[in-house]
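Peer 1: First, the structure itself, so that you have it in front of you.
Protein chains: 8
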Amino acid sequence: MTDDVHLDLSRQDRIGVREALLAGPKSVDQLVTVLDQADAAGQAMLITRLEPPQLASLPGSLRSRIDYDASSRTGFFGDVGEPEGEPEVAVVCAGTADRPVAAEAERTLAFSCVPCLSVNDIGVAGLWRLMERIEDLRPMKAVMVVAGMDGALPTVVAGLLPGVIIAVPTSIGYGVAAAGHTALNSALASCAPGLVVVNIDNGYGAAVAAQRVLSAGR
Amino acid sequence: MTDDVHLDLSRQDRIGVREALLAGPKSVDQLVTVLDQADAAGQAMLITRLEPPQLASLPGSLRSRIDYDASSRTGFFGDVGEPEGEPEVAVVCAGTADRPVAAEAERTLAFSCVPCLSVNDIGVAGLWRLMERIEDLRPMKAVMVVAGMDGALPTVVAGLLPGVIIAVPTSIGYGVAAAGHTALNSALASCAPGLVVVNIDNGYGAAVAAQRVLSAGR
Amino acid sequence: MTDDVHLDLSRQDRIGVREALLAGPKSVDQLVTVLDQADAAGQAMLITRLEPPQLASLPGSLRSRIDYDASSRTGFFGDVGEPEGEPEVAVVCAGTADRPVAAEAERTLAFSCVPCLSVNDIGVAGLWRLMERIEDLRPMKAVMVVAGMDGALPTVVAGLLPGVIIAVPTSIGYGVAAAGHTALNSALASCAPGLVVVNIDNGYGAAVAAQRVLSAGR
Amino acid sequence: MTDDVHLDLSRQDRIGVREALLAGPKSVDQLVTVLDQADAAGQAMLITRLEPPQLASLPGSLRSRIDYDASSRTGFFGDVGEPEGEPEVAVVCAGTADRPVAAEAERTLAFSCVPCLSVNDIGVAGLWRLMERIEDLRPMKAVMVVAGMDGALPTVVAGLLPGVIIAVPTSIGYGVAAAGHTALNSALASCAPGLVVVNIDNGYGAAVAAQRVLSAGR
Amino acid sequence: MTDDVHLDLSRQDRIGVREALLAGPKSVDQLVTVLDQADAAGQAMLITRLEPPQLASLPGSLRSRIDYDASSRTGFFGDVGEPEGEPEVAVVCAGTADRPVAAEAERTLAFSCVPCLSVNDIGVAGLWRLMERIEDLRPMKAVMVVAGMDGALPTVVAGLLPGVIIAVPTSIGYGVAAAGHTALNSALASCAPGLVVVNIDNGYGAAVAAQRVLSAGR
Amino acid sequence: MTDDVHLDLSRQDRIGVREALLAGPKSVDQLVTVLDQADAAGQAMLITRLEPPQLASLPGSLRSRIDYDASSRTGFFGDVGEPEGEPEVAVVCAGTADRPVAAEAERTLAFSCVPCLSVNDIGVAGLWRLMERIEDLRPMKAVMVVAGMDGALPTVVAGLLPGVIIAVPTSIGYGVAAAGHTALNSALASCAPGLVVVNIDNGYGAAVAAQRVLSAGR
Amino acid sequence: MTDDVHLDLSRQDRIGVREALLAGPKSVDQLVTVLDQADAAGQAMLITRLEPPQLASLPGSLRSRIDYDASSRTGFFGDVGEPEGEPEVAVVCAGTADRPVAAEAERTLAFSCVPCLSVNDIGVAGLWRLMERIEDLRPMKAVMVVAGMDGALPTVVAGLLPGVIIAVPTSIGYGVAAAGHTALNSALASCAPGLVVVNIDNGYGAAVAAQRVLSAGR
Amino acid sequence: MTDDVHLDLSRQDRIGVREALLAGPKSVDQLVTVLDQADAAGQAMLITRLEPPQLASLPGSLRSRIDYDASSRTGFFGDVGEPEGEPEVAVVCAGTADRPVAAEAERTLAFSCVPCLSVNDIGVAGLWRLMERIEDLRPMKAVMVVAGMDGALPTVVAGLLPGVIIAVPTSIGYGVAAAGHTALNSALASCAPGLVVVNIDNGYGAAVAAQRVLSAGR
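These protein sequences, in sequence, are chains L, R, V, F, H, B, W and S. First residue of the first sequence: 6, per this note's numbering; consecutive thereafter. First residue of the second sequence: 6, per this note's numbering; consecutive thereafter. First residue of the third sequence: 6, per this note's numbering; consecutive thereafter. First residue of the fourth sequence: 6, per this note's numbering; consecutive thereafter. First residue of the fifth sequence: 6, per this note's numbering; consecutive thereafter. First residue of the sixth sequence: 6, per this note's numbering; consecutive thereafter. First residue of the seventh sequence: 6, per this note's numbering; consecutive thereafter. First residue of the eighth sequence: 6, per this note's numbering; consecutive thereafter.
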């Protein structure tokens, strides 16, 4: 099965982030191969969408080296440092049910030792909750806004703050929420200028985008 | 062609509003037949989506009896009274380009002599504009919120006001705005409780719903 | 986990209904946090889409204080009064399979002590069933019409009654019923004037809208 | 260009109807070729979706032999007889704007000398109009129900009558009416048993289906 | 729960078929109520989409009176006669995997004692299989054509036979087969004239339509 | 404007076909720039989707060097040879209205001097027309099957012939034909094995694929 | 049940490949019937989408004669030879998670004794991986490119190689990846000329198309 | 009409960019009102999607103060400075037909005096064109990638460069290109990490996002 996997070990040098492992659709054999290659290359690896049964099926020697977070379904394989300094990026989360996606973004940043500010449960149905925190968010270079259902929060935030605002639609909702498509489309069609968007539930991608913003600022 | 048309003359008695004439997809011959039947029944008639070329093609004897408003593409055929009393309903409009739909709602109310408060160009990209007017809107029994693109405004309004909030998505926008479907879906999937929705660009329907609210309150 | 939750305790004052708890997509830890916050604030809480396994996973001290209805998947947390007076709103249900959504609407009203009239299994395939009940429905200020599949019933009802007619499409049906989208679109495109619509299976939202109608009438 | 066209001259023998000419997407040269081949074969031909500019561009020698109906955009090329006998099929039309599609069905029947009963403008927003005519429709072997927007009428009719009910959705409506897709889907998802459906605006196809029903009954 | 159910006992008189029970989305309590009402009215009942776990959950006194067919998931509740006479209708099935839908149609006919001819596994990828049987099918008054995937078979059959051709798209296939939507749309957009269509997997509806055709022929 | 255009002059060497010019969405200035660059490089160029007004707006010095075919909207710029030898590929066209797409494929082949067999108007509604020609098509290495509406023809052909069968769905049809999406999806979901598909109306792409097949056979 | 199945035993003679058995949607009884018919005809059979529970449910006498590959879910029933000669076709796979679809293509070729070159995990996010292998791929007559998510790889490959390039979109991805529809549409809309496409996850169909290419070259 | 417009004059202070005027869907009266308000506030204004007939209908006194660019359909109203310094952002454009969207981005930057590098016509069908310019792009803080059709270019670029990569899908293409939805979805589903996306044809939004990146870096 080794032939199935060719790690992109030069990615850090090219674009500033290491290759990550999207576990969900892979077999356990494939996961083992990837982690063994990473180990052989001396590279720590972020694992996303790692389902508990997948984790449980890994050999103990690999499993014991994974720092797993159940809420975000992420694992850190190998040694990872601590975030340092004051946060320059924030993760804003509309509803409690959106937390797993926000957590994926936070863990992605933590894997790269990037500190972040988390602000939760401030959906626009109770607008005062956002208004209470808006000044804390103003200095941020990038703000990830995680929201499902109507997806109105990214637009409201992008109209209030000057940083790079990254909408992360989530699949929370039912009926016409359409597994996140409505939140996605609302963010893309936003009347607030310069809002950018990533795929539904893609906390990982939003965090990498935020890292690109921070790199651009150095 | 007369056989093609059977006016629902008992509608006022059954549901409290007269039948209206949706002109857009009808031929001039069909419009003439409808207006002649209304005339014979002594009933004034609201005409919606009446395009200027349709108006111009009507016989002068009919055309001269139509009070036409180009912005909303509506006509009043026959005698219509004046709105009386203080407004109990409002039409809130997100952007300047949404005005024709808002105007259709306002004209529908005017045809039934219902006064309304109009508040324009207060989209959420500049949230302070809504906040300046929110207390004016608080006493309203029904508030129609007309918005295209992201459709975030109805959700924000429904989280702030106690009246019946009727979202009227508009077809303004491009790309994923999808001719109003994104604004529609965002309103339907709203996290704000009890928001109700009508078809895209349906200012007429929103106004009739508002009239039903007023009737229910009497 | 407490930081994930910020109850909107001022919602009752702002818009006339208390915040409700949509349980479905939340973890048990999150549900506990919400209920503890509500308890601390002395606020009863309506819980919607509470799945039996979620209920079973709650600590007994919370579970015992929840009045659970399996058909509608709703729970009342804390003390709730009794409906009083004659019904001014009705829930009309097209088919037996649509009952859970109708029940969610009824329970939402009951949580706020609003009496309602329930009329079931009167889909248009046997039109006489609706006709037998139409006079009972005529005085209602708001009528929620719960229907899946073709979604024809809301249009028929809106053509016969003067109250505020709120279509509640359901996900009942298969093939092109499309999990409720056809019933939804049929209601939005209705030829009956002033019909308003909520999201698929959103009995809760319809009932809140009906409460807004009742408030407007006072 | 002659090579582009091969008339299916044996269709009448195989399936009981002659090949028709769908003019809309064809060039004038192609139309001439088809009509010349029909002429050479001594076969009259029904032309559908023949736009006035296409008609005007045909050579006078062909144009003069076409009995054209502008409402339905149909033409009869060659000699066509008169309908005989009492109608066994009906065309029921929901709204005035749906008439062109109903007319296409009526003309298709007329081309085959099949008499039909036409009932117009009886949409369900004013249900009494249908009820007044339902007994006239009861003996019909096939009833085509032409309706756009919500598409509720075919379901109501199929619940009331025993004949073959053929829904003909039309593209009339706006927003979520979606150019007839909502009316189509509502008919396909109908709770009334045994309703059958043809493509949007396909009055021609509905009439051919009705002819198949009549043939089956002989 | 009795109030949830109102059988349409006059349906046989109105439209020629008895009400059937779509079991799938109903609770066991609801199924019991329906069957008890049917029993009290002395009416046999066709049950469709009855899943084995539903059947197993019924009280033994009801279960023992149900003639269940696992392939079609249908049950006959109460006494049902035998088909008599030569078949005038046929069920044509494209692939082996489409058989359950074809079986639902066959059982629906059997419940009404209508004999039918079944022709299976004659998809167009091996066209000779259809050609071998085409003369057997020519005299049929109605032919149901059950096909998923590309949905080409109904068009080919409708071009070859004079009876009423009823396409029954199935949800068999993957990717762009889209759970039957491609087969459905292909049948609706058919170049073969007069093809009529029912909902995806709706063998029941096709059979009722065929019964309407037979009734029209008497 | 010259900076806007960088011809891919090495394409012939890399993949065996020269870059072509898709004219439709380009401005006249852009077309001029492309043709001038081609001219400077001594390269003849195939122009596709060249609308007559675009052609008319080109400078006479360029226009005079374009061999334009109105049916296919293609132009040959510069010297092009004659097809030689017996056809090894065929273009099969379902209906007369599909001819422009078939013609685009034929012209693309002609630009590369590839002879082809054209077979027209053999849609499956009259299956005998295909059967008359099937033996002519059997020796072909590649067969492009151009069809709109139901898109059944590619499946039937792929079940009968051994060559590479390339489905070219067209936008011909209305309603659920959906501008070619139904024909596209029907071909992709085909039960006939090994059918390959190109974009809607993409006669050019089909012809290039056929050239790739011929190259592979050498 | 035997009547449900009619093997297309002449397929090899007509189009050069034997009928295969798509197991997924079939019952075990149906699978047994097909295999028994194949056995009686002395024909080996490729089984695709054979799920492990289906395999386990087959009678041991059949199961023991199936060479099953779990990754691709394929089985060879009966005797199959060995691939011979140098590969003239290749299977290129974008990501590790796409391997099962690639494996289905490889197994389909192996069933017909066609050797192939496999190149894995060379998605465009690390473009150097493709560039390292491009010269190995240049001589191939057909290249299947298996990719999900963005589906960019087939376009890049088709711009670099002269053979027949067959895109095989996969259902890998989430959110707007839409179960393979985005990869499918990206391949169909490709700016690289002559790219052909098969259904999502259809490794079998791609391999049959490649066999058609090889046959055309002989 | 003045009441229809409320300029968000504090936007520059809040989020760092001035309000722009989306002209397309507005009436001439509305455009005049906006420009008059801007003038009164002493604020220059970027006008986007200003169609030539709109420009021509403006009063001469306003028209003469607009610096109009026909390719991008943008106008600068009032005094605008010159870009200064070395470019830190780039606009990369896949095909010539995508230029108008790229030009909108460039003009938006120019309005704010932000210099940019433009790289055109480097679509992936001829990959060498991108490779020739990749080192020029490496130092950029933000790279807008403008591409329609398959939308493969943003993914390839995001895999090669470390800056913030902003995909701008365009509506160029036909058939399944779906007016830009395929390019949009391909970018959102990208396998390249951290790619962010704006609405179809939204060059303006991409440029504002790039300005947010530059601000974050200061």
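In this text, a Cβ means the ideal position worked out from N, Cα and C, and glycines have one as well. Everything numeric in this text was worked out from a predicted model, so none of it was measured.
Looking at the structure shown, is M6(L) part of a helix, part of a strand, or coil, going by DSSP?
Peer 2: Because M6(L) carries a pLDDT of 41, less than 50, the predicted location of this residue cannot be relied on, and the following value inherits that uncertainty. M6(L): coil per DSSP, three-state reduction.
Peer 1: At what residues does the beta strand (DSSP E) containing S66(L) begin and finish?
Peer 2: Per DSSP, S66(L) belongs to no beta strand (DSSP E); it is in the alpha helix (DSSP H), 65 to 68.
Peer 1: Bridge partners for G80(B) per DSSP, in chain order?
Peer 2: Bridge partners of G80(B): I52(B), Y73(B).
Peer 1: For P105(R), decide whether its Cβ has a neighbour in chain V, counting only Cβ atoms nearer than 8 Å.
Peer 2: no
Peer 1: So with CB distances below 8 Å, who are the chain F contacts of V181(B)?
Peer 2: Result: H186, L189, N204, I205.
Peer 1: Establish whether the CB of M6(H) and some CB of chain F are separated by less than 8 Å.
Peer 2: Any answer about M6(H) is weak, because its pLDDT of 41 lies below 50 and its placement is not dependable; what the coordinates show is given next. Judged by the 8 Å Cβ criterion, M6(H) is not in contact with chain F.
Peer 1: Beta-carbon within less than 8 Å of L158(V)'s beta-carbon, same chain only, minus the 5 sequence neighbours each way: which residues are those?
Peer 2: V97, A99, I127, G128, V129, L135, V150, A152
Peer 1: To the nearest angstrom, report how far apart M6(V) and V124(L) are at their CA atoms.
Peer 2: Confidence at M6(V) is low in this model, with a pLDDT of 42, below 50, so its placement is unreliable and the value that follows should be read with caution. C-alpha separation (whole angstroms): 12 Å.
Peer 1: Output needed for M154(S): all residues of its chain with C-beta closer than 7 Å, excluding positions within five of it in sequence on either side, in chain order.
Peer 2: I177, G178, A182, A188
Peer 1: Does the ligand FMN have even one heavy atom less than 7 Å from the beta-carbon of P174(H)?
Peer 2: The ligand FMN is not part of the structure shown, which contains no ligands of any sort.
Peer 1: Measure the alpha-carbon distance for L166(L) versus D84(L) and round it to whole angstroms.
Peer 2: 35 Å
Peer 1: Have a look at H11(B) and E137(S) and give me their C-alpha separation to the nearest angstrom.
Peer 2: 12 Å
Peer 1: Does G47(W) pass the burial test, meaning 16 or more other C-beta atoms within 10 Å, or should it be called exposed?
Peer 2: So G47(W) ends up on the exposed side.
Peer 1: Using a Cβ-Cβ cut-off of 8 Å, state whether V10(H) counts as contacting chain V.
Peer 2: yes
Peer 1: Per DSSP, what kind of secondary structure is D18(S) in: helix, strand or coil?
Peer 2: helix
Peer 1: Check the Cβ of D18(B) against every Cβ in chain F and list those closer than 9 Å, keeping chain order.
Peer 2: Result: empty, since nearest Cβ-Cβ is about 37 Å, beyond 9 Å.
Peer 1: Interface residues of chain L around P64(V) at Cβ under 9 Å?
Peer 2: Within 9 Å Cβ-Cβ: nothing; P64(V) doesn't reach chain L, min ~18 Å.
Peer 1: Would you say D155(B) reaches chain S, if we count a Cβ-Cβ gap shorter than 8 Å as a contact?
Peer 2: no
Peer 1: So the candidates are A214(R), A194(R), R54(R); which of them puts its Cα closest to the Cα of A197(V)?
Peer 2: A214(R)
Peer 1: Between the stretch 35 to 48 of chain V and chain H, which residues of the former have CB atoms less than 8 Å from a CB of the latter, in chain order?
Peer 2: none
Peer 1: Under the assumption that D206(S) contacts V106(S) (Cβ atoms under 8 Å), give the Cβ distance between them as a whole number of angstroms.
Peer 2: Rounded to the nearest angstrom, the Cβ distance from D206(S) to V106(S) is 5 Å, consistent with a contact under 8 Å.
Peer 1: If the criterion is Cβ atoms closer than 8 Å, does the pair G199(H) and G90(F) meet it?
Peer 2: Cβ atoms of G199(H) and G90(F): not closer than 8 Å.
Peer 1: Applying a beta-carbon distance threshold of less than 8 Å, which residues of chain F neighbour P57(R)?
Peer 2: Correct list: empty, because the minimum Cβ distance to chain F is about 18 Å.
Peer 1: How far does the beta strand (DSSP E) with A172(L) in it extend, from its first residue to its last?
Peer 2: Looking at the DSSP string, the run of the beta strand (DSSP E) that includes A172(L) is 169 to 174.
Peer 1: Can you round the beta-carbon distance between S195(H) and T160(H) to whole angstroms, since I take them to be within the 8 Å contact cut?
Peer 2: 4 Å
Peer 1: Got a sec: which bits of the stretch 19 to 31 of chain R sit with their beta carbon under 7 Å from any beta carbon on chain F, in order along the chain?
Peer 2: Correct list: P30, K31.
Peer 1: Going by other Cβ atoms of all chains shown within 10 Å of its Cβ, with 16 needed for buried, is S191(F) buried or exposed?
Peer 2: That one is buried.
Peer 1: Just checking: is the beta-carbon of T160(R) within a distance shorter than 8 Å of some beta-carbon in chain L?
Peer 2: yes
Peer 1: Based on the DSSP output, what are the partners of L122(W) in its beta bridges?
Peer 2: A95(W), per the DSSP bridge assignment.
Peer 1: Can you give me the Cβ contacts of Q59(L) inside the same chain, cut-off strictly under 6 Å, excluding the 5 residues immediately before and after it?
Peer 2: Hits under 6 Å: A28.
Peer 1: Could you tell me whether the Cβ of D13(V) comes closer than 8 Å to any Cβ of chain L?
Peer 2: yes
Peer 1: Apart from the five residues just before and just after R16(B), which ones in its own chain have a Cβ nearer than 8 Å to its Cβ?
Peer 2: V22, R23, E24
Peer 1: Measuring straight from C-alpha to C-alpha, what distance separates F81(L) and D41(L)?
Peer 2: 14 Å
Peer 1: Which residues in chain F have a C-beta closer than 8 Å to the C-beta of S220(H)? List them in chain order.
Peer 2: By Cβ distance, chain F contributes P167, G168.
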